[in-house]
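First the structure, in the form of structure tokens, and then the observations on it.
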Amino acid sequence: MRWGVATPSRNKKLSARRRISGGLLKGIVFLCAGVTVALLVGLLGFILYHGLGNINWAFLTTARSALKNTIGIFPNILFTLYIIITALLISLPIGVGASIYLNEYASHKRLARMIEFTAETLTGIPSIIFGLVGYLFFCRMLGLGASILSGALTLVVMVLPIIVRTTQEALKTVPDSYREGAVALGATKWYMIRTIILPSSLDGIVGGCILAIGRIVGESAALIFTAGVGYQLVTNYFQALGTSGGTLSVALYVYVYEQGEFEAGYGIAAILVMIVLLVNFATKLVKKKFKRI
Amino acid sequence: MSIIVSAKDLNLYYGAFQALIDVCLDIPEKEITALIGPSGCGKSTFLKTLNRMNDLIPGVKITGELTYHGENIYNGGLDVTVLRKNIGMVFQKPNPFPMSIYDNIAYGPRLHGKLKKAALDDLVERSLKGAVLWDEVKDRLKKSAMGLSGGQQQRLCIARALSVEPDVLLMDEPTSALDPASTAKIEDLMSELKKNYTVVIVTHNMQQAARISDRTAFFLVGVLVEVGQTNDVFSIPRDKRTEDYISGRFG
Ligand SMILES: Nc1ncnc2c1ncn2[C@@H]1O[C@H](COP(=O)(O)OP(=O)(O)O)[C@@H](O)[C@H]1O
Ligand SMILES: [Mg+2]
Numbered sequence: 013m014r015w016g017v018a019t020p021s022r023n024k025k026l027s028a029r030r031r032i033s034g035g036l037l038k039g040i041v042f043l044c045a046g047v048t049v050a051l052l053v054g055l056l057g058f059i060l061y062h063g064l065g066n067i068n069w070a071f072l073t074t075a076r077s078a079l080k081n082t083i084g085i086f087p088n089i090l091f092t093l094y095i096i097i098t099a100l101l102i103s104l105p106i107g108v109g110a111s112i113y114l115n116e117y118a119s120h121k122r123l124a125r126m127i128e129f130t131a132e133t134l135t136g137i138p139s140i141i142f143g144l145v146g147y148l149f150f151c152r153m154l155g156l157g158a159s160i161l162s163g164a165l166t167l168v169v170m171v172l173p174i175i176v177r178t179t180q181e182a183l184k185t186v187p188d189s190y191r192e193g194a195v196a197l198g199a200t201k202w203y204m205i206r207t208i209i210l211p212s213s214l215d216g217i218v219g220g221c222i223l224a225i226g227r228i229v230g231e232s233a234a235l236i237f238t239a240g241v242g243y244q245l246v247t248n249y250f251q252a253l254g255t256s257g258g259t260l261s262v263a264l265y266v267y268v269y270e271q272g273e274f275e276a277g278y279g280i281a282a283i284l285v286m287i288v289l290l291v292n293f294a295t296k297l298v299k300k301k302f303k304r305i
Numbered sequence: 006m007s008i009i010v011s012a013k014d015l016n017l018y019y020g021a022f023q024a025l026i027d028v029c030l031d032i033p034e035k036e037i038t039a040l041i042g043p044s045g046c047g048k049s050t051f052l053k054t055l056n057r058m059n060d061l062i063p064g065v066k067i068t069g070e071l072t073y074h075g076e077n078i079y080n081g082g083l084d085v086t087v088l089r090k091n092i093g094m095v096f097q098k099p100n101p102f103p104m105s106i107y108d109n110i111a112y113g114p115r116l117h118g119k120l121k122k123a124a125l126d127d128l129v130e131r132s133l134k135g136a137v138l139w140d141e142v143k144d145r146l147k148k149s150a151m152g153l154s155g156g157q158q159q160r161l162c163i164a165r166a167l168s169v170e171p172d173v174l175l176m177d178e179p180t181s182a183l184d185p186a187s188t189a190k191i192e193d194l195m196s197e198l199k200k201n202y203t204v205v206i207v208t209h210n211m212q213q214a215a216r217i218s219d220r221t222a223f224f225l226v227g228v229l230v231e232v233g234q235t236n237d238v239f240s241i242p243r244d245k246r247t248e249d250y251i252s253g254r255f256g
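Going down the list, the protein sequences come from chains E and B.
Okay, so the first sequence: first residue is 13 according to our numbering, each after it adds one.
Okay, so the second sequence: first residue is 6 according to our numbering, each after it adds one.
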């Protein structure tokens with residue numbers, strides 16, 4: 013019982029020491045948090061400070077003109093939208109379909125785990141490698157050339173794992189009791205999936221889409237190879253699929269690195285930062301909205 | 006008294022493990038049959054063979070004969086959708102769908118065919134009344150079913166089962182997750198239900214079986230030990246094992 017007894021004085025000493033070390037730890041954690049926040053705010057502030065001044069109506073709504081020697085990013089905005097739309101149109105049905113198969117139908121748990129592992133590994137591969145493979149396969153082998161379609165297809169491979177993972181996580185949170193309840197009423201498996209499983213995993217699917225959009229908007233390495241760096245205005249979506257076009261991130265790279273146009277670069281950077289903030293905000297909103305049901 | 010469901014020499018295997026052994030049991034129409042027995046003796050397994058919910062579990066093998074209105078339930082040509090419409094099920098834990106009260110009840114009817122809105126409204130009302138829930142929810146039909154209390158949720162699940170107009174109701178320990186007041190309500194409801202439906206209820210609460218059921222079947226490690234009128238089974242059990250169980254000597 014010797015060590016079990018805490019005399020008042022010992023108790024006091026102990027708690028004092030504990031208080032000091034606890035306070036120290038708290039201070040360090042606080043400092044780290046402070047540095048992180050300062051870095052983030054500093055970076056965002058720097059970009060917005062330099063960038064916002066370069067954004068004006070003409071910059072946003074015109075194409076680059078060699079004649080007037082002006083820079084406009086309207087084509088790049090459109091290319092970005094085209095690539096997002098195309099990549100999502102392809103990857104969403106495939107990704108959601110694959111997740112449904114893996115979670116609801118696959119009796120081969122080994123196969124399911126293997127596909128999950130593959131998806132996880134794919135997420136970690138540097139995007140330049142996707143660019144290289146996309147270039148070799150879509151642009152050269154399939155003969156699609158440097159085009160929005162090649163770029164979008166490359167991005168499909170990149171964002172598919174994101175969509176599969178988020179969708180599957182959502183599917184896994186749907187309790188089996190819902191499945192049993194529906195089947196016991198006479199529902200077929202597919203009817204049950206359509207009316208219960210998919211609606212209750214909508215938040216995960218939407219969240220996956222938003223993450224994918226974030227990834228697409230921020231991507232440059234994989235697109236320079238595959239979608240090219242074109243900056244001519246193409247308003248027809250189907251025509252754009254076959255033409256070379258740089259997204260905003262690619263345009264940022266080209267303007268700053270190849271042409272030394274820092275004002276335009278800062279302007280685009282500011283827009284990208286705002287898009288990323290918006291995407292994060294949207295994710296939060298989706299999470300909150302669906303939580304309430 | 007006509008027999009609606011009948012099992013003859015029913016055996017069920019989960020892989021190599023045999024969970025039901027030569028079960029012979031007749032279930033009479035418009036009566037409450039209680040299945041009792043210690044945990045793991047195969048009550049739920051037997052119940053789930055009746056509406057073929059065991060189909061969802063890989064590796065299940067069934068031999069013997071199981072008929073519903075004389076038709077073999079495990080006949081390959083039988084439409085499982087129709088079988089499950091006729092033989093409804095209520096689970097141990099209330100499992101309302103994450104949608105409105107109205108949509109929960111309308112789910113089954115919508116799945117089995119198109120109905121005009123008025124007819125559907127009517128069906129929803131009748132089902133909720135049948136489960137004695139109508140008065141409590143009639144002003145909030147469009148509200149989420151997840152906001153109901155546990156007892157209300159379970160009655161909602163009963164209403165949902167009634168909505169497709171079954172003639173047999175299977176209930177797997179429907180009150181074991183509920184408080185005594187909600188349990189009493191559901192027990193009252195069951196004596197109402199048996200006027201129109203055949204009820205098979207699993208319970209590990211012997212008082213409940215004695216209170217509400219007409220017939221009682223006692224299972225032990227996959228074997229149906231004894232079945233008879235509830236009064237007889239509880240007062241003059243024929244088998245020593247039944248007597249031991251109901252007098253609380255094991256369980
Ligand atoms: N899906 C399953 N796979 C393998 N064994 C199972 C499965 N479900 C139940 N069992 C086994 O079958 C036996 C009967 O289970 P169950 O019917 O759930 O019992 P009860 O409902 O009477 O408690 C138990 O030994 C249980 O472990
Ligand atoms: Mg059970």
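Even for Gly, the Cβ is constructed at its ideal location relative to N, Cα and C.
These figures come from a predicted structure and were not determined experimentally.
Item                                                                                                            : Value
For M126 (chain E): DSSP bridge partner residues                                                                : None, per the DSSP bridge assignment.
Check: Y19 (chain B) C-beta below 6 Å from any heavy atom of ligand 1                                           : yes
Same chain, Cβ closer than 7 Å to V291 (chain E), neighbours up to 5 away in sequence not counted               : I222, I225 and G226
Interface flag, I209 (chain E) vs chain B, CB-CB below 7 Å                                                      : no
Coarse secondary structure for Q234 (chain B), derived from DSSP in three states                                : strand
Boundaries (first-last residue) of the alpha helix (DSSP H) holding M151 (chain B)                              : No alpha helix (DSSP H) contains M151 (chain B), which DSSP labels as neither H nor E.
Terminal residues of the alpha helix (DSSP H) in which N16 (chain B) lies                                       : N16 (chain B) -> not in any alpha helix (DSSP H); beta strand (DSSP E) instead, spanning I8 to Y19.
Assigned secondary structure, A39 (chain B) (DSSP; H/G/I helix, E/B strand, else coil)                          : strand
Check: S189 (chain E) C-beta below 6 Å from any heavy atom of ligand 2                                          : no
CB contact check: L183 (chain E) to chain B, cutoff 7 Å                                                         : no
Span of the alpha helix (DSSP H), counted from its first residue to its last, around K90 (chain B)              : V85 to N91
Residue range of the unbroken alpha helix (DSSP H) whose run includes S73 (chain B)                             : Per the sequence shown, residue 73 (chain B) should be read as Tyr rather than Ser. Unbroken run through Y73 (chain B) is the beta strand (DSSP E), V65 to Y73; no alpha helix (DSSP H).
CB contact check: S77 (chain E) to chain C, cutoff 7 Å                                                          : As a matter of chain content, chain C is missing from the structure shown, whose protein chains are E and B.
Beta-carbon gap between L198 (chain B) and G42 (chain B) smaller than 7 Å                                       : no
Where A123 (chain B) falls, given that 16 or more other Cβ within 10 Å makes a residue buried                   : exposed
Close Cβ partners of V229 (chain E) (< 6 Å) along its chain, the five nearest in sequence each way excluded     : I287
Cβ of N100 (chain B) within 7 Å of any chain E Cβ                                                               : yes
Contact between the stretch 171 to 178 of chain E and the stretch 105 to 116 of chain E (3+ Cβ pairs under 8 Å) : yes
7 Å CB neighbourhood of N56 (chain B) in its chain, flanking five on each side removed                          : L88, R89, I92, M94 and L175
Sub-7 Å separation of A252 (chain E) and T166 (chain E) beta-carbons                                            : no
Y203 (chain E) versus K119 (chain B): straight-line alpha-carbon distance, rounded                              : 15 Å
Host alpha helix (DSSP H) of R57 (chain B) (start-end)                                                          : Premise fails: R57 (chain B) is in no alpha helix (DSSP H) and is neither H nor E.
Complete runs of the beta strand (DSSP E) confined to the stretch 263 to 301 of chain E [at least 3 residues]   : none
Assigned secondary structure, I95 (chain E) (DSSP; H/G/I helix, E/B strand, else coil)                          : helix
Residues whose Cβ lies closer than 5 Å to any heavy atom of ligand 1, in chain order                            : B:Y19, B:A24, B:S44, B:G45, B:C46, B:G47, B:K48, B:S49, B:T50 and B:I62
Under the three-state DSSP convention, the category N66 (chain E) falls into                                    : coil
Proximal residues to R304 (chain E) (C-beta, below 7 Å), its chain only, five neighbours per side dropped       : At R304 (chain E), the pLDDT of 49 sits below 50, so the modelled position is not reliable; the number obtained from the coordinates is stated separately. For R304 (chain E), where only same-chain residues beyond five positions count, there are no Cβ hits under 7 Å.
Where I217 (chain E) sits in the DSSP three-state scheme                                                        : helix
7 Å Cβ cutoff met for T208 (chain B) and R220 (chain B)                                                         : no
Helix, strand or coil at N115 (chain E) [DSSP, three-state]                                                     : helix
Range of the contiguous alpha helix (DSSP H) that encloses K188 (chain E)                                       : A quick correction: the sequence has Asp, not Lys, at residue 188 (chain E). Per DSSP, D188 (chain E) belongs to the alpha helix (DSSP H) from D188 to A196.
Cutoff 7 Å: K200 (chain B) Cβ touching any chain E Cβ                                                           : no
Residues near E248 (chain B) by beta carbon distance below 6 Å, same chain, minus five either side              : P242
Cutoff 7 Å: S189 (chain E) Cβ touching any chain B Cβ                                                           : yes
CB contact check: G193 (chain E) to chain B, cutoff 7 Å                                                         : yes
Any chain E beta carbon closer than 7 Å to P171 (chain B)                                                       : no
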